[in-house]
Structure formats: C-alpha cells, structure tokens
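Chemist: Residue numbers (this note's numbering): 36 to 216.
Cβ atoms here follow ideal geometry from the backbone N, Cα and C, with glycine treated the same way.
The structure's right below; bear with me while I get my questions together.
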C-alpha cells in the first residue's frame, strides 16, 4: 500500500505536478484541503494559477480524497472535478485508518477527533509546517505544503508505505525525514 499525503496546494499547479510525479504508483492521495485559493495570509507567488491547478487535478490518474480547508469556497468546489464536501474524511486500507481534516481548529480538538474516530494516522494541514508526532495509538501527520511552505521553507508532501511515513522535498524528490507507525 502506498498512500500520498498532501495539503495546502493554494493554487500552484507546477508544485502539484511535482508532487504527483513523486506519488506515481500510489493507491490513493489524501489531501487535507486548501486547494485553489491562495488565502489572505499567504503571498501570491510566481506560478499561481488556480484554473490550471483545477485542470491538473481533473487529469490526475491517482484517486484523490480531499477534505475541505478554511480557504476552500463553494466556487472552488464547482470547478474541481472531485467532490470536496466533508471537513473530515475517513479512509481505511489494509487495516490502517486514516482520518483527514484541514486542522484549523485547536490541537486538543484535533486529538479528540483522532481518538473518537480511532485514527491510526491523523492527517492535518493548515500550518504549512511538516510534523509527525505520536499521540497514544495515533500518528499525527502534517505533510507541510508543496507550494507555500512555512517553518524551514522546504516544499513537502508525505508518503505512507510499508508502515513508514516519509516526508519528501517536492523540488528534488529527496526524503527529508522518516517515521514508523
């Protein structure tokens, strides 16, 4: 099983294409929201093209589930080829339960959601900062952002494969960090 984990694309198609190239062969991509709009707190960088990103998502051959982020509006959902309905998505494969949400709420509430839904892996975004931390039986994972990274500034995604979470730099394909479930 190979699961791609992304978040906070914010309208940058070239960074999405780099991520998809890394995620070839994935069974599923789980996205924690903030797809097209750059958001009022983020700068508009070179390459911002939400229409082109919507087209790239439409043409993506890997199945994708997207939770709704705080920058995802109804109009964004209208132009995407995939439904972005729920603020929380539950995906289970090979007895591993992923719970995905954007994560704009307090961390205690996120941890409570992980506990209620018995998440093995709780995926969030919002901060644009990579994170992988254990919380009792759950691994709390934030893939960072491939487009508008914060913290160390490395554009990143995550991959879950063979019981391992790898954070990958989308600009060069190198593994940044790895953690085990």
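Rounded to whole angstroms, what is the Cα-Cα separation between residue 147 and residue 158?
Modeler: Straight-line Cα distance between these residues: approximately 13 Å.
Chemist: In the structure shown, what three-state DSSP assignment does residue 244 receive?
Modeler: This structure does not reach residue 244, given that the chain is present from 36 up to 216, and the question cannot be answered.
Chemist: State the Cα-Cα distance for the pair residue 195 and residue 75, rounded to the nearest angstrom.
Modeler: Computed Cα separation, rounded: 31 Å.
Chemist: Going by CA-CA distance only, name the one from 45, 54, 44, 49 that's closest to residue 210.
Modeler: Nearest C-alpha to residue 210: 54.
Chemist: Just the Cα atoms here: how many angstroms apart are residue 155 and residue 189?
Modeler: C-alpha separation (whole angstroms): 26 Å.
Chemist: Looking at residue 70 and residue 100, is the spacing between their C-beta atoms short of 8 Å?
Modeler: No; because the gap between Cβ atoms is not below 8 Å, this pair is not in contact.
Chemist: Considering only residues of the same chain and omitting the five flanking positions on each side of residue 145, which have a CB-CB separation below 8 Å?
Modeler: Result list for residue 145: 136, 138, 157, 159, 175, in chain order.
Chemist: What three-state label does DSSP hand residue 59 in the structure shown?
Modeler: Residue 59 falls in the coil class under three-state DSSP.
Chemist: When the Cα of residue 89 is compared with those of 81, 105, 118, 80, which residue comes out closest?
Modeler: Cα-wise, what sits closest to residue 89 is 118.
Chemist: Could you work out which residue in 121, 142, 184 is closest to residue 170 when comparing CA atoms only?
Modeler: Checking every option, the nearest Cα to that of residue 170 belongs to 142.
Chemist: Give the straight-line distance between the Cα atoms of residue 128 and residue 199, rounded to the nearest whole angstrom.
Modeler: Straight-line Cα distance between these residues: approximately 15 Å.
Chemist: Buried or exposed for residue 215, please, with buried defined as at least 16 other CB atoms from any protein chain shown within 10 angstroms of its CB.
Modeler: Exposed, because fewer than 16 other Cβ atoms sit within 10 Å of the Cβ of residue 215.
Chemist: If we ignore side chains and look at the alpha-carbon of each, how far apart do residue 62 and residue 132 end up?
Modeler: C-alpha separation (whole angstroms): 14 Å.
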